[in-house]
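Chains as they are written, first to last, in our numbering: chain A, 381 to 861; chain B, -13 to 151.
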Amino acid sequence: MRVIRACRELGIRAVAVYSDVDRDALHVRLADEAYPIGPASPRESYLAIPKILEVARRAKCDAVHPGYGFLSENAEFADAVRDAGLVFVGPPGDVQRRLGEKTQARRLAREAGVPVAEGTLEPLQGLDHARREAERIGYPVMLKAAGGGGGKGMRAVASVGELDAAWRLASGEAAGAFGSAALFVEKLIEHARHVEMQILADAHGGIVWLGERDCSIQRRHQKLIEESPAPSVDDALRERLGDAAVRIARAAGYQNAGTAEFLVDTRGGFSFLEVNTRLQVEHPVTELVTGLDLVALQLRIAAGEPLPFTQNDVRRRGAAIECRITAEDVGRGFIPATGRIALLREPAGPGVRVDSGLFAGLTVTSDYDPLLMKLIAHGSDRAEALARARRAVRETIVAGLPTSLAFHSYVLEEPDFVAGRYDTGYVAAHWPPRTPTTLDESATTAAALVAVLATRGRVTRRPVASPDGAWARSGREEALR
Amino acid sequence: MIYEVSVGDRRVRVDLAGDGRFLIDDAVVAVDTTEIVRGRQWSVRIAGRSHEVTLLTLDPMRLLVDGHEMEASALDERAAAAARGTSAARGGRHEVRAPMPGLLKTVHVAEGDLVERDAPLMTLEAMKMENELLAPARGRVVRLAVGAGTKVEGGAMLAVLEEAE
């Protein structure tokens, strides 16, 4: 959807691919052309390189944009696209390989003079090796997949007793997600903030950094809220992070849009985590603050154009905050939920952007990521961005399945978050809330009335004999889904 | 018809009188209600206060009340009385259910196995993570409902464990 929008604005024909369960999806309907590539299972569709290239050939495409998930960080795919005589919108395969293997990326960052968290610079040889290294750097540690990032194949280990189980789970996940069970270990930095720096690099050696995003609000190492500027980052630290990201990009021969991820500790020190060699889900935060269209710039860079501005031209204005609204039951440990969207109201108004593929009637399945909608608010400062985000979340209605909206609504008003005091432990420390939501008398009465109307609507399958007002009308309802 | 209604931690009695009047805890309340989306969304005015209430999910019932998500339930008096009469679940027998939809990747036990409490029973792959499902108690696996490689829905019964001494 995001890519189709940029294509439309640039007058580029957009061709979409879809799996069987996505036949009704918005990206299929809004694209100029759309082609099926197989069943729901990603391996048989969205990860099937030959099928995607076949569509590109048949539709006479010039370039392939890999989106954010699936093949977006797959060097083989980038190579295959190039070998098919097409332009890959993203960094070339060899650059992805250099950064995709995480221990290699750590060595590269270190050689570029960027601080790296203490840990192994080579993949571990086995459980015994992991035990020795963990002992050497001291618990707590993180076991991480060497083959890829994005929070997959990753486990925090508090003590030696947890190492066995963590090793088994992390290597199993890593093998499934990246085709390699290799792991490395690094020191776990407590109370750290997850801060990332957006960069753009053209094919002519031009590299700029655009600004940071704080992505510390996570569950299961998956982000729920991102904002820019990061509350913990001042101008001096921002310059240092930007400089570090550019140095890594230069050392890797980077091209196109990318993100260098860092952990920022409580004393303002930072260490490099990994590079995401793709456009990220949270890129709108940077777009709102800088006024740039990152997807359009990706397309121009891929076409061989030089960056149309220099570092000194990059202006950041105000603050932006993104809420990732997911199909999850936040009251039961964020477990993914499925269902049919019965009613939808997306927010609008000043400073509010919605990136969403939702529509009423859409069936949300467990086949893919639970992300439903991104709601991004922009304001002249953090307070205004927050006020707009709160207002927008309260306007939003997604009925038919559990969503994360209650979580977002709570966090946007929670005093620590509002004060910018948070780190990667925030969700565990603040959710679920200790005090339940309470309504005033009038709202409680309204809710009680609707509870009855909705229940009657469900249990009364026959028409009510004597219609006598609004309540009876609802009693005529068929069973609700 | 009289209903026992809960909204969050509040309990109220709602009486929809046959003449169209609406009583809450035996007091008549003047309300103006319009159904905006059939069976889903209502606009409710009470003494000038405007409320928008949306039915988010039915089972369990969740309402969005002016942007606040609330758990709710409404039982007519007879159903409420019946609900109070149901007894607690049978002890000694544990059903292991999928906490979320996902792919059952590995089954670590066989029927008849005696397992310790917190022993890993199966590995469920969901949400990009592998999750180990642990034995809720020391006991014998009396039934395995699904095998490895099966895609399961959230809440699906996976195994039955009988507590052992």
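Here a beta-carbon is modelled for each residue, glycine too, at the ideal position from N, C-alpha and C.
Tell me, please, which residues DSSP counts as bridged to residue i.
i        : result
A/Tyr398 : A/Pro416
B/Met108 : B/Val93 and B/Leu119
B/Ala60  : B/Val(-9)
A/Pro716 : A/Glu708
A/Asn656 : A/Thr639
A/Met577 : A/Glu592 and A/Ala640
A/Phe564 : A/Lys524
A/Ile597 : A/Ile605
A/Ile628 : Answer by DSSP bridge pairing: none, since A/Ile628 is not bridged.
B/His37  : B/Val30
B/Thr20  : B/Ser29
A/His509 : Answer is none; A/His509 lacks a bridge partner.
A/Met534 : A/Lys524
Should residue i be labelled buried (16 or more other beta-carbon atoms within 10 Å of its own) or exposed?
i        : result
A/Ile597 : buried
A/Ile384 : buried
A/Ala616 : exposed
A/Arg438 : exposed
A/Asp796 : exposed
A/Ala394 : buried
A/Ala485 : buried
A/Ala489 : buried
B/Asp52  : buried
A/His584 : exposed
B/Leu144 : buried
A/Arg712 : exposed
B/Val0   : buried
A/Ile432 : buried
A/Leu766 : buried
A/Asp761 : exposed
A/Lys440 : exposed
B/Ile22  : exposed
Per DSSP, what kind of secondary structure is residue i in: helix, strand or coil?
i          : result
A/Thr327   : The first residue shown for chain A is 381 and the last is 861, placing residue 327 of chain A beyond what the model contains.
B/Tyr(-11) : strand
B/Arg126   : strand
A/His571   : coil
A/Ala809   : helix
B/Val15    : coil
B/Ala145   : strand
A/Ser551   : helix
A/Asp442   : coil
A/Ala850   : Low confidence applies here, because A/Ala850 scores a pLDDT of 39, under 50, leaving its location unreliable; read the following figure in that light. Helix, per DSSP.
A/Ile432   : helix
A/Phe689   : coil
B/Asp1     : strand
A/Glu794   : coil
A/Thr743   : strand
A/Ile777   : strand
B/Ala75    : Note that B/Ala75 has pLDDT 40, beneath the 50 cutoff, so the model's placement of it is unreliable and no number is given.
A/Ile701   : strand
B/Ala150   : coil
A/Thr835   : helix
B/Arg(-4)  : strand
B/Arg83    : strand
A/His758   : strand
Handout entry: Three or more C-beta pairs below 8 Å linking the region 441 to 455 of chain A and the region 587 to 605 of chain A
Key = no
Exercise for the section: With 9 Å as the C-beta to C-beta threshold (strictly closer), list the residues of the region 597 to 619 of chain A near chain B in chain order. Expected result: Arg600, His601 and Gln602
Exercise for the section: Could you list the residues in the region 644 to 658 of chain A with a C-beta less than 8 Å from some C-beta on chain B, going in chain order? Expected result: none
Handout entry: Touching by the beta-carbon criterion (3+ pairs, under 8 Å), the region 558 to 575 of chain A and the region 771 to 781 of chain A
Key = no
Practice task
Determine, using beta-carbon pairs with one atom in the region 801 to 819 of chain A and one in the region -7 to 6 of chain B, whether at least three such pairs fall under 8 Å.
Solution key: yes
Exercise for the section: Taking only beta carbons into account, state which residues of the region 3 to 30 of chain B come closer than 8 Å to chain A, listed in chain order. Expected result: Gly4, Asp5, Gly6, Phe8, Ile10, Val15, Val17, Thr19, Thr20, Glu21, Val23, Arg24, Gly25, Arg26, Gln27, Trp28 and Val30
Practice task
Give, in chain order, every residue of the region 536 to 561 of chain A whose Cβ lies closer than 9 Å to some Cβ of chain B.
Solution key: Ala545, Arg548, Leu549, Ala550, Gly552, Glu553, Gly556 and Ala557
Exercise for the section: Mind the definition here: the region 511 to 528 of chain A touches the region 536 to 549 of chain A only if three or more C-beta pairs lie below 8 Å; say whether that holds. Expected result: yes
Exercise for the section: Could you tell me whether the region 717 to 727 of chain A touches the region 17 to 36 of chain B, where touching means 3 or more Cβ pairs closer than 8 Å? Expected result: yes
Exercise for the section: Residues of the region 74 to 94 of chain B with a CB closer than 9 Å to any CB of chain A: list them in chain order, please. Expected result: Pro85, Met86, Pro87, Gly88, Lys91 and Thr92
Exercise for the section: Indicate whether the contact test is met: 3 or more Cβ pairs, each with one atom in the region 572 to 585 of chain A and one in the region 752 to 765 of chain A, closer than 8 Å. Expected result: no
Handout entry: Residues of the region 28 to 52 of chain B with Cβ closer than 8 Å to any Cβ of chain A, in chain order
Key = Trp28, Val30, Ile32, Ala33, Arg35, His37, Val39, Thr40, Leu41, Leu42, Thr43, Leu44, Met47, Arg48, Leu49, Leu50, Val51 and Asp52
Problem - Cβ contact check for the region 602 to 610 of chain A and the region 694 to 705 of chain A: 3 or more pairs under 8 Å - result: yes
Practice task
With 8 Å as the limit, tell me which residues of the region 107 to 121 of chain B have their beta carbon closer than that to any beta carbon of chain A; keep them in chain order.
Solution key: Thr109, Glu111, Ala112, Met113, Lys114, Met115, Glu116 and Glu118
Practice task
Take every Cβ of the region 707 to 721 of chain A, pair it with every Cβ of the region 662 to 669 of chain A, and state whether three or more of those distances are shorter than 8 Å.
Solution key: no
Problem - Members of the region 809 to 841 of chain A that neighbour chain B once the beta carbon cut-off is set at 7 Å - result: Pro816, Thr817, Thr818, Leu819, Ser822, Ala823, Thr824, Thr825, Ala826, Ala827, Ala828, Leu829, Val830, Ala831, Val832, Leu833, Ala834, Thr835, Gly837 and Arg838
Handout entry: Positions along the region 779 to 793 of chain A whose CB lies within less than 9 Å of some CB in chain B
Key = Ala779, Gly780, Leu781, Pro782, Thr783, Leu785, Ala786 and Ser789
Problem - Touch test, the region 547 to 559 of chain A against the region 613 to 627 of chain A, Cβ-Cβ under 8 Å, three pairs minimum - result: no
Handout entry: Contacting positions in the region 498 to 523 of chain A - beta carbon closer than 8 Å to chain B
Key = none
Practice task
Name, going along the chain, the residues of the region 705 to 726 of chain A whose beta-carbon falls closer than 7 Å to a beta-carbon of chain B.
Solution key: Ile715, Pro716, Thr718, Ala722 and Leu723
Problem - Interfacial residues, the region 728 to 746 of chain A to chain B, with Cβ spacing under 8 Å - result: Ser746
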